[in-house]
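In order, the protein sequence lines correspond to chains A and B. Heads up, the first sequence is in my numbering, so the first residue is 448 and it goes up one at a time. Heads up, the second sequence is in my numbering, so the first residue is 448 and it goes up one at a time. Just so you know, even glycine gets a beta-carbon here, dropped at the ideal spot from N, CA and C. Below is one structure, written out as structure tokens; comments come after it.
Protein chains: 2
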Amino acid sequence: MTQNIYDNAGFFAGYAQLRRSVDGLDGAPEWPTLKSMLPDLTGKRVVDLGCGFGWFCRWARGAGAAEVLGLDVSANMLTRARETTSDPAIAYRQADLETLELPPASFDLAYSSLTLHYLEQLGRLFAAVHRGLAPGGRFVFSAEHPLYTETGPDYLDEGPRATDWLAKGVVKQHRTLATTLNLLIAAGFSVQRVEEWGPTREEIAAHPEWKIDHRRPSFLLVSATR
Amino acid sequence: MTQNIYDNAGFFAGYAQLRRSVDGLDGAPEWPTLKSMLPDLTGKRVVDLGCGFGWFCRWARGAGAAEVLGLDVSANMLTRARETTSDPAIAYRQADLETLELPPASFDLAYSSLTLHYLEQLGRLFAAVHRGLAPGGRFVFSAEHPLYTETGPDYLDEGPRATDWLAKGVVKQHRTLATTLNLLIAAGFSVQRVEEWGPTREEIAAHPEWKIDHRRPSFLLVSATR
């Protein structure tokens, strides 16, 4: 199993205070772009890979999804997620995405926000997601952009990167953008749209807290079709 | 028409001395990877967008292509290309890729090496290539990687970049990797493989002339299907 940093008490306490944890989707600057990459959810079966506090699961129901399954490796996260809803069409389940299997063709949308950069076996998960989607199903995800995860000058050297973010020694997997796309294609997906998200100059002016030294992308957003 | 730097005498003299100009494909370190992305050429109709001295056109014929059309904006280049072959199945023609149109469904492979980063209207060219390919046709190209073209800290700010390479003020167009892929998809292509090419540590050790300060990719290689 991959490092489950979200059940580290110090990390969790810090994470729970992030703007995206307190304000949900509207606290995530990349959400408007990611939302624009989603299909119409009316009547759809949705699985959220790394659902955290369940903000997206609840939003998906509000957007018309028929049923939503939120998966997360963190017991802390799932406890909080379950406390926030009594909707019987939303289910939360603990799952390790390194070994996840889904019932065949059982979902219309697989969604994942800022989770995949923790995984060692990304190609394995992509294949499992492909099997779990119905024909024509969509896979929309965000992950840290490799220019963000890669803290040194070695973009082309893939592998684990340990960073101190909310806790010491948080391990993320650095992969080039090409590797992520080629793993998707090898799993059978057709790439529909790729976004390298970073704040615009106007957004940096309006949100001083997003200030960065240069305009390099923070997040990779991808939409693919089964 | 885009800047035609190849008909600048100083630039051309310098370019003609590059290893890839003297030794052809074998002098281009990214060629083995690019070659591995090509389909079987037996009996295929091939167009080379930015053919330069015609190294690839002659190679394609040797690899079994039925006919090859080499296009370039540079009269200097085409003169040299025509001098190197008497093969009646290879034709060279001067063309501006900013305004190029091809006969519909008339090629099985469109190829382009290190040319597209000069173009302002890349989406227009992609659409023209899509129309010019037969169903199932392939488009394989290399271009400067945006991390290479982009000389400052502003990866996300797209637009022209003037560099001094063989001549002063050579203008290249900086686009993010996402933009190039989204333009391909918008033109109707299905992305098959993406490579961010840079020398391996072993290659840098074996070829001191490839020495770079850090392992950032030099070239973007893409294979797509119509």
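Give the interface partners of residue 650 of chain A over in chain B, defined as CB-CB distance under 9 Å, in chain order. What residue 650 of chain A touches in chain B: nothing, since even the nearest Cβ is about 11 Å away.
>> Taking CB distances under 8 Å as the criterion, tell me whether residue 645 of chain A reaches chain B.
In response: Yes, residue 645 of chain A counts as interfacial toward chain B.
Item to check | Runs of alpha helix (DSSP H) wholly within the region 575-615 of chain B (minimum 4 residues, chain order) | outcome: 593-596, all fully within the region 575-615 of chain B.
For this session: Provide the residue span of the beta strand (DSSP E) that contains residue 554 of chain A, from first to last.
Result: Residue range 554-560 is occupied by the beta strand (DSSP E) that includes residue 554 of chain A.
Can you find the residues in the same chain that come closer than 7 Å, C-beta to C-beta, to residue 644 of chain B, ignoring five residues on each side of it along the sequence?
Taken in chain order, the residues that qualify are 477, 480, 664, 665, 666, 668.
Quiz item: Looking at the unbroken beta strand (DSSP E) that takes in residue 538 of chain B, where does it start and where does it end?
Solution: Per DSSP, residue 538 of chain B is one residue of the beta strand (DSSP E) stretching across 537-541.
**Message:** For a test of the three-state rule: what should DSSP assign to residue 488 of chain B, helix, strand or coil?
**Reply:** Residue 488 of chain B carries a coil assignment under DSSP once its states are collapsed to helix, strand and coil.
- request: Taking a Cβ distance cut-off of 8 Å, strictly less, list which residues of the region 620-632 of chain A are near chain B, in chain order.
  value: For the region 620-632 of chain A, the residues whose beta carbon sits under 8 Å from a beta carbon of chain B are, in order, 623, 624, 625, 628, 629, 632.
On the CB-based measure, 16 or more other CB atoms within 10 Å of its CB, does residue 562 of chain A come out buried or exposed? Residue burial annotation: residue 562 of chain A is buried, with at least 16 other C-beta atoms found within 10 angstroms of its C-beta.
Taking 8 Å as the CB-CB limit, is residue 641 of chain A close to chain B?
Residue 641 of chain A belongs to the set of residues whose beta carbon lies under 8 Å from a beta carbon in chain B.
State yes or no: is the C-beta of residue 503 of chain B within less than 8 Å of the C-beta of residue 558 of chain B?
With respect to the 8 Å criterion, residue 503 of chain B and residue 558 of chain B are classified as neighbours on the basis of their beta carbons.
Checklist line | Cβ-heavy atom distance, residue 527 of chain B to the ligand ZN, below 7 Å | finding: Absence of the ligand ZN from the depicted structure is noted, as is the absence of any ligand whatsoever, leaving it without description.
Item to check | 8 Å Cβ cutoff, residue 589 of chain A in contact with chain B | outcome: Output row for residue 589 of chain A: interface = no.
* **Test: residue 594 of chain A CB closer than 8 Å to a CB of chain B** => Under the Cβ criterion of 8 Å, residue 594 of chain A is counted among the residues facing chain B.
- Taking three-plus beta-carbon pairs below 8 Å as touching, is the region 563-576 of chain B in contact with the region 448-462 of chain B? Taking a cut-off of 8 Å on C-beta distances, the region 563-576 of chain B touches the region 448-462 of chain B, as three or more cross pairs fall below it.
- Task: Please state whether DSSP places residue 622 of chain B in a helix, a strand or coil.
- Result: Reduced to three states, the DSSP call for residue 622 of chain B is coil.
Query - chain B contact residues for residue 637 of chain A, given Cβ-Cβ distances below 7 Å - result: Chain B residues near residue 637 of chain A: 637.
Exercise. Closest by CA to residue 608 of chain A, which one among A:615, A:600, A:621, A:601?
Worked result: The residue with the shortest Cα to Cα distance from residue 608 of chain A is A:621.
Is any beta-carbon of chain A found at less than 8 Å from that of residue 543 of chain B? Not closer than 8 Å to any Cβ of chain A, the Cβ of residue 543 of chain B fails to qualify, so no.
Rounded to the nearest angstrom, how far is the Cβ of residue 556 of chain A from that of residue 506 of chain A, given a contact under 8 Å? Contact doesn't hold; Cβ gap of about 12 Å is too wide.
Do the CB positions of residue 520 of chain B and residue 542 of chain B come within less than 8 Å of each other? In this structure, residue 542 of chain B lies closer than 8 Å to residue 520 of chain B by Cβ.
Would you verify that the beta carbon of residue 470 of chain B is, or is not, closer than 8 Å to some beta carbon of chain A?
No, residue 470 of chain B does not count as interfacial toward chain A.
Contact list for residue 604 of chain B against chain A, beta-carbon separation under 9 Å: Under the 9 Å cutoff, chain A gives 648, 662.
Tell me whether the region 577-589 of chain B and the region 611-618 of chain B touch, counting them as touching only if at least three CB pairs, one residue from each stretch, are closer than 8 Å. Verdict: no, contact absent.
Q. With respect to the beta strand (DSSP E) encompassing residue 640 of chain B, which residues constitute its N-terminal and C-terminal limits?
A. Start and end: 637-644.
Going by DSSP, what residue range makes up the beta strand (DSSP E) through residue 672 of chain B?
Per DSSP, residue 672 of chain B belongs to the beta strand (DSSP E) from 666-672.
Helix, strand or coil at residue 566 of chain B according to DSSP, with G and I counted as helix
Coil.
Open item on the list: So, at 7 Å on beta carbons, what are the nonlocal neighbours of residue 577 of chain B in its own chain, with the 5 sequence-adjacent residues on each side left out?
Closed with: Only 634, 635, 636, 673 meet the Cβ criterion.
_Contact defined as beta carbons within less than 8 Å: I believe residue 497 of chain B pairs with residue 511 of chain B. What is the distance between those atoms, to the nearest angstrom?_
Not confirmed; about 22 Å, so no contact.
| task | Evaluate residue 647 of chain B with the Cβ neighbour count: other Cβ atoms within 10 Å of its Cβ, from every protein chain shown; 16 or more gives buried, anything less gives exposed. | result | Burial check for residue 647 of chain B: the Cβ neighbour count within 10 Å stays below 16, so the residue is exposed.
Next on the checklist: Rounding to the nearest angstrom, what Cα-Cα distance links residue 638 of chain A and residue 638 of chain B in this structure?
Outcome noted: One C-alpha to the other measures close to 7 Å.
Is the beta carbon of residue 467 of chain A sitting closer than 8 Å to the one on residue 461 of chain A?
No, they are not a contact pair.
### Query
Between residue 603 of chain A and residue 662 of chain B, is the Cβ-Cβ spacing less than 8 Å?
Result yes, Cβ atoms of residue 603 of chain A and residue 662 of chain B sit closer than 8 Å.
Practice item. Name the two residues that bound the continuous beta strand (DSSP E) containing residue 514 of chain A. Key: Its beta strand (DSSP E) spans residues 514-519.
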